[in-house]
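Down below is the structure, laid out as structure tokens.
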Ligand code: PAF
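Residue numbers (the numbering used here): 23 to 314.
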């Protein structure tokens, strides 16, 4: 029997969220959580729809997590639109929106953090020290408060997804993790809340990330396997884009994130590129066609 839909609830208190989740579990309902920092776009909505189709109770978390921002990063200016997010959430069938305050999530005296070793070091971890400690900590807290059976994350944050999968397995958290494909604008730009920061000129140039990924995919398809050559193909459109400054463009083993010299197994081509102060990320998995 399909359980009746619950009336929409907005919960701000972590204790109330935890109690509600425990009740829902006692009623035998399957809970899915979609953790976000809000300012929802079509990418987030695709995660919500995936979660809706796979659960009885869909929980959206809206929380701009201070511990994953470094000094000088965009915590204070991160785009926020709670009313708009709640309207979008309802249109995607969200049952519970959990919107805690930073003070409620990190009470005075908070001293405990979760670290996922090695996976947190390269790529975005190298440019944003402490970022993944903040992500792993808040995701653990959100899991403890929402008590989900399933959690959905976007593959656009490839390293984050890899780290959350590792953490969930290592710490026996017992939550199924579902990764969903990156949703793109018609011109290829990966959807991101931070796209809102881009000037019109930078927005036009920002397609260089997806063009770089596509160039490397084409090189792979035409037989290139060497990391150096694939990276050169990926970098060319970015280096030609006015206003773009490469933070990193790297090719790594898709499972371990270790560096590789050539593609012999699935590899992730990941990049971060600045336009002014706005840092955009994107990635693709380079996989060899199966041998017939
Ligand atoms: O991907 C994000 O929006 C955030 O890193 C997450 C997973 C919600 C943790 O704050």
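For glycine and all other residues, C-beta sits at the position ideal for the given N, C-alpha and C. None of the values given here were measured: they were computed from a predicted structure.
Would you tell me roughly how many angstroms separate the C-alpha atoms of residue i and residue j, rounded to the nearest one?
i, j, result
"residue 154", "residue 142", "6 Å"
"residue 370", "residue 297", "Nothing can be reported for residue 370: it is not among the residues displayed for the chain, which extend from 23 to 314."
"residue 262", "residue 226", "13 Å"
"residue 286", "residue 44", "46 Å"
"residue 127", "residue 32", "16 Å"
"residue 222", "residue 229", "12 Å"
"residue 212", "residue 205", "6 Å"
"residue 256", "residue 306", "11 Å"
"residue 235", "residue 220", "20 Å"
"residue 216", "residue 300", "7 Å"
"residue 91", "residue 157", "9 Å"
"residue 58", "residue 29", "21 Å"
"residue 52", "residue 112", "19 Å"
"residue 288", "residue 274", "9 Å"
"residue 89", "residue 254", "35 Å"
"residue 94", "residue 85", "19 Å"
"residue 138", "residue 245", "35 Å"
"residue 197", "residue 282", "31 Å"
"residue 136", "residue 64", "30 Å"
"residue 13", "residue 242", "As shown, the chain starts at 23 and ends at 314. That puts residue 13 outside it, with no answer to give."
"residue 168", "residue 123", "15 Å"
"residue 248", "residue 308", "12 Å"
"residue 166", "residue 144", "28 Å"
"residue 140", "residue 80", "32 Å"
"residue 258", "residue 208", "22 Å"
"residue 239", "residue 284", "14 Å"
"residue 171", "residue 147", "28 Å"
"residue 130", "residue 34", "18 Å"
"residue 82", "residue 194", "23 Å"
I want to check one thing, is the minimum distance from the CB of residue i to the heavy atoms of the ligand PAF below 8 Å?
i, result
"residue 101", "no"
"residue 83", "yes"
"residue 58", "yes"
"residue 176", "yes"
"residue 166", "no"
"residue 197", "no"
"residue 305", "no"
"residue 205", "no"
"residue 161", "yes"
"residue 179", "yes"
"residue 157", "yes"
"residue 87", "yes"
"residue 182", "yes"
"residue 4", "Limits of the chain in this structure are 23 at one end and 314 at the other, which puts residue 4 out of reach."
"residue 17", "This structure cannot speak to residue 17, because the chain is shown only from 23 to 314."
"residue 243", "no"
"residue 90", "yes"
Pull up the CB-CB distance for residue i and residue j, whole angstroms please, since I reckon it's below 8 Å.
i, j, result
"residue 74", "residue 121", "About 19 Å separates the two Cβ atoms, so there is no contact after all."
"residue 210", "residue 232", "4 Å"
"residue 174", "residue 202", "6 Å"
"residue 5", "residue 292", "Only positions 23 to 314 of the chain appear in the structure, and residue 5 is not among them; the question remains open."
"residue 178", "residue 260", "So it is not a contact: roughly 17 Å between Cβ atoms."
"residue 176", "residue 104", "In fact, because the Cβ distance is near 20 Å, the residues do not count as touching under 8 Å."
"residue 116", "residue 70", "6 Å"
"residue 279", "residue 182", "Rounded, the Cβ-Cβ distance is 11 Å, inconsistent with contact."
Checklist entry - Where are the beta strand (DSSP E) runs, 3 residues long or more, that stay fully inside the stretch 83 to 145, in chain order? => result Positions of the beta strand (DSSP E) runs, each at least 3 residues long and wholly inside the stretch 83 to 145, are given as 118 to 120 in order along the chain.
Item to check | Whole alpha helix (DSSP H) elements within the stretch 156 to 239, 4-residue minimum | outcome: Within the stretch 156 to 239, the complete alpha helix (DSSP H) runs of at least 4 residues are 180 to 192 and 222 to 227.
Next on the checklist: Suppose only complete runs of 3+ residues qualify. What are the beta strand (DSSP E) ranges in the stretch 241 to 298, listed by chain order?
Outcome noted: When DSSP assignments are scanned along the stretch 241 to 298, the uninterrupted stretches of beta strand (DSSP E) that are 3 or more residues long and fall wholly within it turn out to be 266 to 275 and 289 to 297.
Next on the checklist: Which runs of the alpha helix (DSSP H) at least 4 residues long sit entirely within the stretch 33 to 69? Give them in chain order.
Outcome noted: With a minimum length of 4 residues, the continuous alpha helix (DSSP H) runs that stay inside the stretch 33 to 69 are 36 to 48.
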